[in-house]
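> The structure that follows is given in the form of structure tokens.
2 protein chains.
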Amino acid sequence: MENILFDFISKYISLTEDEKNAILGLDLFHSVKKGTVLLKEGQKSQVSYFVLKGCIRVYYIIDGEEKTTAFYTELDALTPHCVNKAPSEYFISCVEDCILLISNADMEIEINSKFPKFEKMCRILSEELLAKQQIDFDEFKTSSPEQRYLNLLQKRPDLIQRVPQHQLASYLGIKPQSLSRLRARILEKSKE
Amino acid sequence: MENILFDFISKYISLTEDEKNAILGLDLFHSVKKGTVLLKEGQKSQVSYFVLKGCIRVYYIIDGEEKTTAFYTELDALTPHCVNKAPSEYFISCVEDCILLISNADMEIEINSKFPKFEKMCRILSEELLAKQQIDFDEFKTSSPEQRYLNLLQKRPDLIQRVPQHQLASYLGIKPQSLSRLRARILEKSKE
DNA sequence: TAAAATCGTTCACTTAAGTTAAGTAATGAG
DNA sequence: CTCATTACTTAACTTAAGTGAACGATTTTA
Chain A
4 MENILFDFIS KYISLTEDEK NAILGLDLFH SVKKGTVLLK EGQKSQVSYF VLKGCIRVYY
64 IIDGEEKTTA FYTELDALTP HCVNKAPSEY FISCVEDCIL LISNADMEIE INSKFPKFEK
124 MCRILSEELL AKQQIDFDEF KTSSPEQRYL NLLQKRPDLI QRVPQHQLAS YLGIKPQSLS
184 RLRARILEKS KE
Chain B
4 MENILFDFIS KYISLTEDEK NAILGLDLFH SVKKGTVLLK EGQKSQVSYF VLKGCIRVYY
64 IIDGEEKTTA FYTELDALTP HCVNKAPSEY FISCVEDCIL LISNADMEIE INSKFPKFEK
124 MCRILSEELL AKQQIDFDEF KTSSPEQRYL NLLQKRPDLI QRVPQHQLAS YLGIKPQSLS
184 RLRARILEKS KE
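These protein sequences, in sequence, are chains A and B.
Residue numbers for the first sequence, in my numbering: 4 to 195.
Residue numbers for the second sequence, in my numbering: 4 to 195.
Structure representation (structure tokens):
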């Protein structure tokens, strides 16, 4: 598991043994059971998550209804609302049994001040994520639910297997019934 | 104009006179006429924009149709696809006469190495933007076109005044005709 | 193991957005 | 200033998503 982390970091900066040990000394690794709620609406979160294995999900409850807005899988990082320290508007829970890195703001400040190159990695990571998310947002805006589904089928085929349909549906911005119908429609088209 | 910039920066880090002069020495300030296309599909962009005055717009052309995905107004920053150096998939143009800061990667590297605190500001800015955009994306996903319009009316009422309807419509993910209808519907409701 | 709850699909019906077309108002170029 | 273009609205029709309900098939849990 440690190697997965260091392989990931090595894409951005190179670490000395000392630096690696400093990270390992932080007690970041956690196993979390499927269904565990990591963050509830109204709670204040000071922690960041990095998925080594498994899948976590972000969702809102609006008018008693779950609205899933994101899935994070292997090597995805999730830092809830760094801006304001306002209470969370959403929930985070585990779709599967997970192995996560969980870090808090204090750890990050400590690491950043000890090893300035982390600051750089964080900036690059943020900028990368920002650009990726920008593209995702643009794709969402410029396509229909059906196109979004086909797009997801291409880009994250694993998600469609590992995540319940009704969560996928709200991730695509539609109701479960509409997803069923839309899939039937696609199947019908492909027969012709 | 310089003061608008330094007031903005001062929210994140404090600058000495030397540092301010280093920035002013970079020749960042540019006046750009309404309608100017700053970036075309297929071009490679190495520059970032920061809006001091005016409004710039990001749009795709898909099947011959403009799809607007973002508007940037006063104090908004736009850094196109820092990740890959692939050619742009979208256009950027000026909705109004603008005063922009335009910086390129070389300038940023130079400034970042001379004054490490810029690295920090960039990280904080990226993280802030990421969180803001996350929230925007979530709101978009979890609401209907009508709710999106009402939401925009609350959050960026100026946009509805300064931007053409058909650009607004595609920003909301719908056709101009649907926006007209939707507005008529809202007006009808408010009469009752 | 049996009962209850949840999940995915299907159906009929409603609502809203897409499409095509037309008309009017505003804008811009010559 | 005029003509041509573009922008916005309205309308009729089509298409697809929302809604409410029903149905097995799972999964949970008591």
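All C-beta atoms, glycine included, are put in the ideal place defined by N, C-alpha and C.
State the DSSP-derived secondary structure class of L171 (chain A), mapped to helix, strand or coil.
If DSSP states are grouped into helix, strand and coil, L171 (chain A) belongs with the helices.
> Check the C-beta distance from C97 (chain B) over to V166 (chain B) and give it rounded, since I have them as a contact under 8 Å.
So it is not a contact: roughly 12 Å between Cβ atoms.
> Can you have a look at Y152 (chain B) and say buried or exposed, based on whether 16 or more other CB atoms are within 10 angstroms of its CB?
Buried is the call here.
> Could you check if G28 (chain A) is buried or exposed, using at least 16 other CB atoms within 10 Å of its CB as the buried criterion?
G28 (chain A) comes out exposed.
> Looking at Y63 (chain B) and the ligand MN, is the gap between the Cβ and the nearest heavy atom below 6 Å?
Among the components of this structure there are no ligands whatsoever, and the ligand MN is therefore not found.
> May I ask which residues mark the beginning and end of the beta strand (DSSP E) holding R159 (chain A)?
Counting along the chain, R159 (chain A) falls outside any beta strand (DSSP E), and DSSP gives it neither H nor E.
> Would you mind giving the Cβ-Cβ distance between P179 (chain A) and Q168 (chain A), rounded to the nearest angstrom? I have them listed as a contact below 8 Å.
Going by Cβ atoms, the distance from P179 (chain A) to Q168 (chain A) rounds to 6 Å, so yes, they are a contact pair.
> Starting from H97 (chain B) and walking both ways along the beta strand (DSSP E), at which residues does that stretch end?
Note on residue identity: the sequence assigns Cys, not His, to residue 97 (chain B). From DSSP, the beta strand (DSSP E) with C97 (chain B) extends over F94 to C97.
> By the criterion of Cβ-Cβ separation under 7 Å, what are the contact partners of I65 (chain B) in chain A?
Simply T145.
> Just how far apart, CA to CA, sit T19 (chain A) and M124 (chain B)?
Approximately 26 Å between the Cα atoms of the pair.
> Quick check on C58 (chain B): does DSSP put it in helix, strand or coil?
C58 (chain B): coil per DSSP, three-state reduction.
> With distances taken Cα to Cα, identify the nearest neighbour of L41 (chain B) among B:E122, B:I105 and B:F121.
Considering only alpha carbons, the answer is B:I105.
> Check this for me: beta carbons of V61 (chain B) and I7 (chain B), under 7 Å apart or not?
No; because the gap between Cβ atoms is not below 7 Å, this pair is not in contact.
> Quick one: give me the first and last residue of the alpha helix (DSSP H) that I70 (chain B) is part of.
At residue 70 (chain B) the sequence reads Lys, which differs from the Ile that was named. Run containing K70 (chain B): none in the alpha helix (DSSP H); it sits in the beta strand (DSSP E), E68 to Y75.
> Quick one: which chain A residues come within Cβ less than 8 Å of T72 (chain B)?
Residues of chain A passing the Cβ test: F140, D141, K144 and T145.
> How about G67 (chain A) and K144 (chain B): are their beta carbons less than 7 Å apart?
Their beta carbons are not under 7 Å apart, which means G67 (chain A) does not touch K144 (chain B) by this criterion.
> On the CB-based measure, 16 or more other CB atoms within 10 Å of its CB, does R51 (chain B) come out buried or exposed?
The sequence given here has Ser at residue 51 (chain B), not Arg. It is buried - the Cβ of S51 (chain B) has at least 16 other Cβ atoms within 10 Å.
> Within its chain, find whatever has a CB closer than 8 Å to the CB of R186 (chain A); leave out the 5 residues flanking it on each side and keep chain order.
Hits under 8 Å: Y152.
> Run down chain B in chain order and give the residues with a C-beta less than 7 Å from the C-beta of S129 (chain A).
Under the 7 Å cutoff, chain B gives R126, S129, E130 and L133.
> Terminal residues of the continuous beta strand (DSSP E) containing L41 (chain B)?
Unbroken beta strand (DSSP E) run through L41 (chain B): V40 to L42.
> Counting only beta-carbon separations shorter than 7 Å, does Q136 (chain A) have a partner in chain B?
Taking Cβ atoms only, chain B reaches closer than 7 Å to Q136 (chain A), which makes this a yes.
> For the alpha helix (DSSP H) that F143 (chain A) lies in, which residues bound it at each end?
F143 (chain A) -> alpha helix (DSSP H) spans P119 to K144.
> Could you give the DSSP three-state label for I12 (chain A): helix, strand or coil?
It is helical.
> Please name the residue or residues paired with S51 (chain A) in a DSSP beta bridge.
For S51 (chain A), which the question treats as bridged, DSSP gives the partners A:S106.
> Quick one: is G45 (chain B) buried, meaning 16 or more other Cβ sit within 10 Å of its Cβ, or exposed?
It counts as exposed.
> If contact is defined by three or more beta carbon pairs under 8 Å, each pair taking one atom from either stretch, is the region 122 to 142 of chain A in contact with the region 121 to 140 of chain B?
Contact between the region 121 to 140 of chain B and the region 122 to 142 of chain A is present, because at least three Cβ pairs lie under 8 Å.
> My understanding is that F11 (chain A) touches L78 (chain A), with C-beta atoms under 8 Å, so please give their C-beta distance in whole angstroms.
Their Cβ separation, rounded to whole angstroms, is 6 Å, which keeps F11 (chain A) and L78 (chain A) in contact under 8 Å.
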